[in-house]
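Below: one structure, written as structure tokens.
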Amino acid sequence: MRPAQEGAQRRTPPAPLLREVYGGLLRKARHDQGRTLADVADEAGVSMPYLSEVERGLKEPSSEVLEALCGALGAGVADLVGAAHRELTSAVEPVTPLRSTAVTPAGTGHEAVLLAA
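If you count the sequence shown from 1, position 25 lands on 25 in full-length UniProt numbering, and the numbers rise without skipping.
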């Protein structure tokens, strides 16, 4: 096996997109309540096809739409964001800051911290 192939096999899968996580959490909340797409979409003031796309992670809703959807499901945006944070942090390895002194002016006594996402 060539070294390039070995590296490709060791890579961790990419973190899920935030819209996919939000969509999955919204769908789970709706299912847990035994509600239909039509019911939640109507209460939130969005179309049923749009809600379906949000739940499947195909659309990235605005903060206003997230507020309406969470409200229709009896939750707050903070609840959704907190649940997404827990899901994302459990799905990916912690990000380790990259340290470099090459980008700081000499003699400042400060060390730069570069964050990799």
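We treat Cβ as the ideally placed atom computed from N, Cα and C, and that holds for glycine.
None of these values were measured; they are calculated from a predicted model.
Just so you know, the alpha carbons of ARG19 and ALA72 end up roughly 18 Å apart.
Boundaries for GLU60: no alpha helix (DSSP H) harbours it, and the DSSP string shows neither H nor E there. In this structure, the straight-line span from the alpha carbon of LEU25 to that of ARG11 is close to 26 Å. Inter-segment contact for the segment 53–63 and the segment 81–91 is absent: fewer than three beta-carbon pairs are separated by less than 8 Å. About 21 Å separates the Cβ atoms of LEU17 and LEU37, ruling out a contact at the 8 Å cut-off. When secondary structure is reduced to three states using DSSP, PRO49 falls in the helix class. In the three-state DSSP reduction, GLY74 falls in the coil class, being neither helix nor strand.
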